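Chemist: Chains G and S are the protein sequences, given in the same order. Following my numbering, the numbering of the first sequence begins with 854 at its first residue and continues without gaps. Following my numbering, the numbering of the second sequence begins with 854 at its first residue and continues without gaps.
Protein chains: 2
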Amino acid sequence: MKTTRISHITLEFELMELKTAHPFGISYGSAAAHKNILVKLHYKDLVGLGEASPASYHNETPDTVQALYHQWQGEEIFGDDPFAIAETMRRLDQSVAANNSAKAGIEMAMHDLAGKLAGKPTYKLLGLSALSQPITDFTIGIDSLEMIEKKTHEAVEAGYKVLKVKQGTAYDKEIIARVRKVAPNMPLRVDANSAWTPKQAIAMAKFLFEHNVQFIEQPLPKHAPIADWQLVRDQSPLPIFADESISRSTDVARLAGVIDGVVVKLQKTGGLLEALKVIHVARAHCLQIMFGCMIESSLGVTAAAQLQSLVDHLDLDGALLLANDPYVGARYDDGYLRLQDLPGLGVVPR
Amino acid sequence: MKTTRISHITLEFELMELKTAHPFGISYGSAAAHKNILVKLHYKDLVGLGEASPASYHNETPDTVQALYHQWQGEEIFGDDPFAIAETMRRLDQSVAANNSAKAGIEMAMHDLAGKLAGKPTYKLLGLSALSQPITDFTIGIDSLEMIEKKTHEAVEAGYKVLKVKQGTAYDKEIIARVRKVAPNMPLRVDANSAWTPKQAIAMAKFLFEHNVQFIEQPLPKHAPIADWQLVRDQSPLPIFADESISRSTDVARLAGVIDGVVVKLQKTGGLLEALKVIHVARAHCLQIMFGCMIESSLGVTAAAQLQSLVDHLDLDGALLLANDPYVGARYDDGYLRLQDLPGLGVVPR
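Written as structure tokens, this is what we have:
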């Protein structure tokens, strides 16, 4: 734990060691332990909370996040106005490009501070409501077929309403068959996490369409050419969403004509204000929007839930997958994430 | 003056009769008297202020605005949460399409209420700063050449830093010559208010380029085909901005490839939240952004000024043109509009 006084807002941070109930597998690899970084911004007698959840496939690690936090502690970068969020984020963007999870941890902590200062929930300050829709899904990670069947059983028994299934293996079709055996009629979306070629994506889209899947996330590599997206979108019977390929709003403008939807995540945008931009650009282009998350505690998930009234689909199950969620925030309630009427993000230690 | 109690937020409204110092001429016509509608949203012991400034070329009149306000007084439409601005505006959009100045009057009054409830300026609740840039321009309306020369003299003597000149007459080149005679080096932009054909626009763009003009607003009719915008943009040596053709963010997405900039106005977007969307979509497409206004008092102009830190150019001279501004808000200070650190919009009766 390290504290440095910089102007009036000071940064303190520490590692958060999160454990998932099951090892969480996606096309990039599998892990049961996840290192996030807890952000505490101090201002007068208040503390704003944030969480950075770095992903190596987005060019960040727990070490790069902490290196930037050390650097920013040594600079006059946070200023003295917790409400000046856009201005502070411009300074961080000038300090270093990308590194959006490091920035997201700071940005959500500023919203938490601002809300606590104003005595109002963050979503209210942004003119939004706590409309508890849409329903969030629950993710079945990559695993052995036996474990996938077992996890699907558990998810159905736990009362989850919508499933998201990770793909990107040599047995993708078998995974879907096992899930559909246990949950034949449950709304289902799949996430290939960049694993397929265009030809694979088109073939899988046809297969998944036959198995009543709603849409496909990120079938193609992060930096796939526009022509590949166009080809897959033209030939896929299912809507195609971009996730890894979309960090900020300029990415939406670039891909708008060749996708059907976008996945917005605070850890990719660098915070709520840029997430609003991604949402607004997607809407202006008549794209569908899903709000997602990484493996995050209820702190990061509740920050994302502030914007849930603006999107079509929720994939905010990061905290639901944990065995040791250290925070209490938006409560999972029969499919919905219920925001609390507390100042700021509305998150407290468990 | 009419009051009806609807749930917890109630609407009161009245006509505002504004007079410009000179008759204000644009390509659609000239007038010295302007009828806006003052909005007062009552919630508990607070009053949120807003202003609707309808324009016939945007399909609204003072009568249509008042007709909608009468209708909305009779419905449970404003709800009981002044912070639920997006939700309330969705209800108004369901009630009637377009009619954005009527909606803008309501929406800015809700921001004023929310800010007063939170005890913070509106721009702060939105995460923004009172960065006092850019400089606002001052508009020289259409008039006789003698009056244009006189008005330009007055503007220079008053210390204005940037001029905007209205076009759309049979003597557009002579207007520019007179302005440039008095103010040879002052930054200058022109606004054709839909008056030109593509061929006229291209010829004028070349002439205006020779006279050191910065950019051209709305050279073409509101509903000009994309191909006409493309043609003018391809052949114009000056950047082309769209004003009347852009109301909401979907319009930006539609025109993004064939223009260089957009003019955002609260009276076209229907309020601040949609203005943010227009700004975000324009930025994502790497377009320039000017924030403009209609003939409005310091109430409407100060609502717009909340978002000034996000744009490249300001055309917020609506209140500067008035002989009888009934409100005090953002103060004009040597080119800049200085926001006050007051709750809500920060506007009080003069």
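Note that beta-carbon positions come from the ideal geometry of N, C-alpha and C, so glycine has one too. Since the model is a prediction, treat every value here as computed from it, not as a measurement.
Considering only residues of the same chain and omitting the five flanking positions on each side of Ile1154(S), which have a CB-CB separation below 7 angstroms?
Modeler: According to the sequence as given, residue 1154(S) is Val; it is not Ile. Cys1146, Leu1169, Gly1171, Ala1172, Gly1182, Ala1183.
Chemist: Determine the closest residue to Val1085(S) out of Trp925(S), Val1117(S), Pro915(S), Ile1112(S), with distance taken between C-alpha atoms.
Modeler: The option with the nearest alpha carbon to Val1085(S) is Ile1112(S).
Chemist: Looking only at its chain, what residues have a beta carbon closer than 6 angstroms to the beta carbon of Arg858(G), apart from the 5 residues adjacent to it on each side?
Modeler: Low local confidence applies: a pLDDT of 45 at Arg858(G) is under 50, so the model's placement there is unreliable, with the coordinate-based value given in what follows. Contacts found: none.
Chemist: Counting along the chain, where does the alpha helix (DSSP H) carrying Lys1052(S) start and finish?
Modeler: Start and end: 1051-1063.
Chemist: Between Phe1068(G), Met1039(G), Pro1092(G), Ile1028(G), which has its C-alpha nearest Glu1010(G)'s C-alpha?
Modeler: Out of Phe1068(G), Met1039(G), Pro1092(G), Ile1028(G), Met1039(G) has the C-alpha closest to the C-alpha of Glu1010(G).
Chemist: Who are Ala886(S)'s beta bridge partners in DSSP?
Modeler: Paired residue(s): Lys872(S).
Chemist: For Val1164(G), which residues from the same chain have a beta carbon less than 6 angstroms from its beta carbon, with the 5 sequence-adjacent residues on both sides left out?
Modeler: Around Val1164(G): Ile1142, Phe1144.
Chemist: Assuming Met963(S) and Leu891(S) form a contact by the criterion Cβ under 8 angstroms, report the distance between their Cβ atoms to the nearest whole angstrom.
Modeler: Actually they are not in contact, since the Cβ atoms of Met963(S) and Leu891(S) sit about 15 angstroms apart, beyond 8 angstroms.
Chemist: Closest by CA to Pro935(S), which one among Lys1118(S), Gly901(S), Lys1004(S), His1133(S)?
Modeler: Closest option to Pro935(S), Cα to Cα, is Gly901(S).
Chemist: Taking Gly903(G) as the reference, give the member of Val1105(G), Leu1108(G), His875(G), Ser954(G) with the closest Cα.
Modeler: For the residues Val1105(G), Leu1108(G), His875(G), Ser954(G), the minimum Cα distance to Gly903(G) belongs to Ser954(G).
Chemist: Out of Ala1156(G), Pro1202(G), Leu1175(G), state which residue places its alpha-carbon closest to the alpha-carbon of Arg1191(G).
Modeler: Comparing Cα positions, the closest option is Ala1156(G).
Chemist: Between which two residues does the alpha helix (DSSP H) carrying Tyr976(S) extend?
Modeler: Run containing Tyr976(S): 975-978, per the alpha helix (DSSP H) assignment.
Chemist: Output the distance between the C-alpha atoms of Lys1019(G) and Leu945(G), rounded to the nearest integer angstrom.
Modeler: In a straight line, the C-alpha of Lys1019(G) is about 33 angstroms away from that of Leu945(G).
Chemist: Out of curiosity, what's the CA-to-CA distance linking Lys796(G) and Glu1149(G)?
Modeler: Summary: the structure shown does not reach residue 796(G), with chain G confined to residues 854 through 1203, and so no result is reported for it.
Chemist: Establish whether the CB of Arg1191(G) and some CB of chain S are separated by less than 8 angstroms.
Modeler: No - not a single Cβ of chain S is within 8 angstroms of the one on Arg1191(G).
Chemist: Output the residue ranges of the beta strand (DSSP E) runs that lie fully inside the segment 951-1029 of chain S and measure 3 residues or longer, sorted by chain position.
Modeler: Correct list: 991-993, 1016-1019.
Chemist: When the Cα atoms are used, what is the spatial distance from Ser997(G) to Arg1031(G)?
Modeler: Rounded to whole angstroms, Ser997(G) to Arg1031(G) spans 11 angstroms at the Cα level.
Chemist: Just checking: is the beta-carbon of Arg944(S) within a distance shorter than 8 angstroms of some beta-carbon in chain G?
Modeler: With 8 angstroms as the cut-off, Arg944(S) does not count as an interface residue toward chain G.
Chemist: Would a check of beta-carbon distances place Leu1061(G) closer than 8 angstroms to chain S?
Modeler: By this cut-off, Leu1061(G) is not an interface position.
Chemist: With DSSP collapsed to three states, give me the class of Ile859(S).
Modeler: Unreliable positioning characterises Ile859(S) in this predicted model, as indicated by a pLDDT of 45, which lies under 50. The coordinate reading is nonetheless provided below. Reduced to three states, the DSSP call for Ile859(S) is coil.
Chemist: I want to know whether the segment 1108-1122 of chain S touches the segment 1092-1100 of chain S - three or more CB-CB distances under 8 angstroms.
Modeler: Contact between the segment 1108-1122 of chain S and the segment 1092-1100 of chain S is present, because at least three Cβ pairs lie under 8 angstroms.
Chemist: So if DSSP puts Arg1042(G) in a beta bridge, which residue, or which two residues, is it bridged to?
Modeler: Answer is Lys1017(G).
Chemist: Comparing alpha-carbon positions, which option in Gln1193(S), Val1200(S), Leu1126(S), Val1201(S) lies nearest Arg943(S)?
Modeler: The option with the nearest alpha carbon to Arg943(S) is Leu1126(S).
Chemist: Applying the 10 Å Cβ sphere with the 16-neighbour rule, what's the burial state of Ile1001(S)?
Modeler: So Ile1001(S) ends up on the buried side.
Chemist: At the level of alpha carbons, what is the spacing between Leu1175(S) and Leu864(S)?
Modeler: The alpha-carbon atoms of Leu1175(S) and Leu864(S) are separated by roughly 26 angstroms.
Chemist: Provide the residue(s) that pair with Asp1031(S) in DSSP beta bridges, ordered along the chain.
Modeler: First, the amino acid is wrong: residue 1031(S) is Arg here, not Asp. Looking at the DSSP assignment, Arg1031(S) forms no beta bridge with any residue, so it has no partner.
Chemist: Given that Val1066(G) touches chain S, what residues does it touch there, using C-beta distances under 9 angstroms?
Modeler: The premise fails here: Val1066(G) is roughly 28 angstroms from chain S at the closest Cβ pair, so nothing lies under 9 angstroms.
Chemist: Tell me the residue span of the alpha helix (DSSP H) that contains Gly1153(S).
Modeler: Where Gly1153(S) is concerned, the enclosing alpha helix (DSSP H) stretches over 1151-1158.
Chemist: Compare the Cα-Cα distances from Leu1140(G) to each of Gly1124(G), Ala1158(G), Asp1104(G), Val1115(G) and report the closest residue.
Modeler: The option with the nearest alpha carbon to Leu1140(G) is Val1115(G).
Chemist: If we cut at 8 angstroms on Cβ distances, does Thr1103(S) have a partner in chain G?
Modeler: At least one chain G Cβ lies under 8 angstroms of Thr1103(S).
Chemist: Under a three-way DSSP split, which group does Leu1195(S) fall into?
Modeler: If DSSP states are grouped into helix, strand and coil, Leu1195(S) belongs with coil.
Chemist: Under a Cβ-count criterion, where at least 16 other Cβ atoms within 10 Å of its own Cβ denotes burial, should Asp1044(G) be classed as buried or exposed?
Modeler: Under this definition Asp1044(G) is a buried residue.
Chemist: Please identify, using Cβ separations under 8 angstroms, the residues of the segment 916-945 of chain S that lie next to chain G, in order along the chain.
Modeler: Cβ contacts with chain G come from Asp934, Phe936, Ala937, Ile938, Ala939, Glu940.
Chemist: With a 10 Å radius around its C-beta and 16 neighbouring C-beta atoms as the bar for buried, classify Ala1106(S) as buried or exposed.
Modeler: So Ala1106(S) counts as buried.
Chemist: Go to Arg1136(S), then tell me how far its alpha helix (DSSP H) extends in each direction, as first and last residue.
Modeler: From DSSP, the alpha helix (DSSP H) with Arg1136(S) extends over 1125-1137.
Chemist: What would DSSP say about His895(S), mapped onto helix, strand or coil?
Modeler: Looking at His895(S) - three-state DSSP - the assignment turns out to be strand.
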